[in-house]
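What follows is one structure encoded as C-alpha cells, with my remarks underneath.
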Amino acid sequence: MKKGVIFALSVFLFIALLFANPVGAQEDQVLLNFYYPVGVAGPLANVVDQMVNEFNETHPNITVQPVYSGDYDDTMQRVQTGVMGGNPPDIAVVEISEAHSLLQMNATIPLTKYIEEEGDFIDPFYDAFLANGNLHGEQWTIPFQRSTPVFYYNKDHFAEKSDELLAAGLDPERAPDTWDELVAYAEVLTDREANRWGLIIPGGWNDWIFEAFAYQNDGQLINREGTEAYFTDEAVIEAAQFWYDLAHKYEVMPKEVRTWAGSPTDFAGEAASMLYNSTGALPPILNTANFEVGVAFMPQNKTYGAAVGGGDFHVFRDIPEANQDAAWEFIKFMTNPENAATWSVESGYVAVREDAYDVPVLAEHVLDQPARAVARDQLEYAYPKMSAVGYQQIRQSLTDILDDVMEGNMDPETAMNNAQNRIQGILDRH
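Numbering (mature numbering (1 follows the signal peptide of the UniProt record, and there is no 0)), first residue to last: -25 to -1, 1 to 405.
As C-alpha cells, then:
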C-alpha cells in the first residue's frame, strides 16, 4: 500500500514538474537584443516589427527584441557605448562603412564558419553588397538594407522642353548618359523664370555621391584597407572640379546646400528637374510626385560608377555562444528570398540577393514599376563604399569640404588638398 502511494506521488510530482518546466523551454530559451536603423521611424519600423514577430512565432526557443536605434550615426554611437560598457547588443544593422571600426574594437565575430556550414547560402547574394563586409579573408557581415544612389528625372519637364532639347541634339525620351550630357540637359531644363533648377545634388550624404563621381572618373577616395587617401589624385580633383562647375560655371544647380532628406521633396515639388539620391527615396517620390518619374543610372564620364550603401547585420563577440547561434538563425530568416523581397518592396532598398527577384511580390512590383530594377542593374558598375577606422570623422570632414566647394568658399584643388591632409591624418592616427 505504501509502495503504491509513493509511486502515485512520484508520478504526480514528475507530471507537475514537467508542466511547470517543459523540456527545453527554459534552458534553451534565448533572448536577442536587435538594434536597427531605418530612414522612416514609423512605417518601416512597423515592417521590421512584423518580420520579427513572424520569426518569434516560428522559433519558439528564440525571442528577438527589436530596438529602433535612430539613424545610422545614432546606431553606431549606441553600439559603441554598449561594447565599451560590456553590454553590446546581440545583433545590429550597422552602416557598411563602420566595419573597420567594429573590427578594431574587436566587437563582432566573423560569420564565415556559419556561411560554410550552410553550403550555398551566400551564393545568391550580390557580390557588390558582400564586399564591404569581406575583410582580412573573412566575411564579417550579411547584407540587409542596401542601396546605391540613382538618378531621378522629371519626364514631364523633359517633354515640356522637348523642342529645346532636340535643338541641342538631346533626346527628350531618356536621361543624360554622360557628364557632358548632364550639363547640356541641365542647361536647357534650368528655368529661372519658374524658379526651377536643372539639377540638385543634396548635402548630408554628399560624400556618397562624390565617391560615385570619383569612380565615374576612374578614381577612388580611400583604399580598401582603409589606410591611404587619394584626394589629390588627378581623377578625384577633376571630379571635384565638375562638382564645382555644375553650380558656379554652368549655374544649373543651387549653390546653397540642400538637405539630403529634403531634396526628394524639392524634386517631387518640381523645384528641380533632376536629382541624385538613394534608391530608398523612390517610394516617397513616387507617392508625392504629380508627374511621371524617371529613374536611370548616374551619368558616366570614363565609366559608370556607384558606391554601394546601406546597412549590414553584425553579430557581437561578447555574448554567449548560444546567442551568436540564435543570431545567425535570425539573419538567415531576415535575408531569405521571401523576406528580402518583402523588405525591398516596402522600403525601396535593393533586394540583397538575386533570387529575391523571382519571388512574386517583388517580381510583380518590378513589372509594375521598372524603376525598381535600376539600382539592381547598376550593381554591375558598383564598388565598395569607402570604409576605415574613424569613418564618422572622415565623412564629416569630407561633407564639410564638399559643402564649401558647393557654396564657393573653396576652390576644388585647395579643397581636395585639405581633404587629403585631414583624412590621411585620421587614417594615420588609427
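The C-beta atom is built at its ideal place from N, Cα and C for all residues, glycine as well.
Quick one, which of the options has its alpha-carbon nearest residue i's?
i: I71; options: Q344, Q395, M361, E148; result: M361
i: T83; options: Y128, A67, P258, I97; result: A67
i: Q367; options: S76, L337, L19, D3; result: S76
i: L261; options: Q275, M273, E245; result: E245
i: residue 421; options: E91, V54, D98, I90; result: The requested residue 421 is not part of the displayed model; the chain covers only -25 to 405.
i: G383; options: F133, L78, V232, M59; result: V232
i: G237; options: G179, I212, T202, F291; result: G179
Run the CB neighbour count on residue i, radius 10 Å, all protein chains shown included, and call it buried at 16 or more, exposed below.
i: T234; result: exposed
i: M404; result: It is worth fixing the name first, because residue 404 is Arg in this sequence and not Met. With fewer than 16 other Cβ atoms within 10 Å, it is exposed.
i: R397; result: buried
i: L373; result: buried
i: A281; result: buried
i: H111; result: exposed
i: N107; result: buried
i: V336; result: exposed
i: L402; result: buried
i: Q353; result: buried
i: P12; result: buried
i: T50; result: buried
i: G323; result: buried
i: P(-4); result: Confidence in P(-4) is poor, its pLDDT being 48 and thus under 50, which makes the residue's placement unreliable; the coordinate value appears in the next sentence. Looking at its Cβ environment, which holds fewer than 16 other Cβ atoms inside 10 Å, P(-4) is exposed.
i: P387; result: buried
i: D182; result: buried
i: E148; result: exposed
i: L140; result: buried
i: A390; result: buried
i: P18; result: exposed
Going by beta-carbon coordinates alone, are residue i and residue j separated by less than 8 Å?
i: T123; j: A350; result: yes
i: A247; j: G173; result: yes
i: K130; j: L164; result: no
i: N28; j: P64; result: no
i: A363; j: F206; result: no
i: A297; j: A264; result: no
i: A210; j: A189; result: yes
i: Q120; j: W318; result: yes
i: G284; j: S253; result: yes
i: P359; j: A331; result: no
i: V227; j: E162; result: yes
i: Y223; j: T116; result: Going by the sequence as given, residue 223 is His instead of Tyr. Contact flag unset, no.
i: F185; j: A214; result: yes
Pop quiz: residue i and residue j are said to be a contact at Cβ under 8 Å. What is the actual Cβ separation, rounded to whole angstroms?
i: Y251; j: I176; result: 5 Å
i: F104; j: P118; result: 4 Å
i: L377; j: P274; result: Not a contact, Cβ separation roughly 18 Å.
i: G191; j: K277; result: The sequence shown places Gln at residue 191, rather than the Gly named in the question. Q191 to K277, Cβ: 7 Å. Contact.
i: Y101; j: V327; result: 7 Å
Name the two residues that bound the continuous beta strand (DSSP E) containing residue i.
i: R121; result: 117 to 122
i: E70; result: 66 to 70
i: A271; result: 268 to 271
i: Q40; result: 37 to 43
i: F9; result: 5 to 11
i: F288; result: 284 to 290
i: Y366; result: Run containing Y366: none in the beta strand (DSSP E); it sits in the alpha helix (DSSP H), 366 to 382.
The alpha helix (DSSP H) spanning residue i covers which residue range?
i: I176; result: Segment: none, I176 is in no alpha helix (DSSP H) and carries neither H nor E.
i: M59; result: 47 to 59
i: L140; result: 137 to 142
i: Y160; result: 154 to 164
i: L196; result: Run containing L196: none; DSSP gives neither H nor E here.
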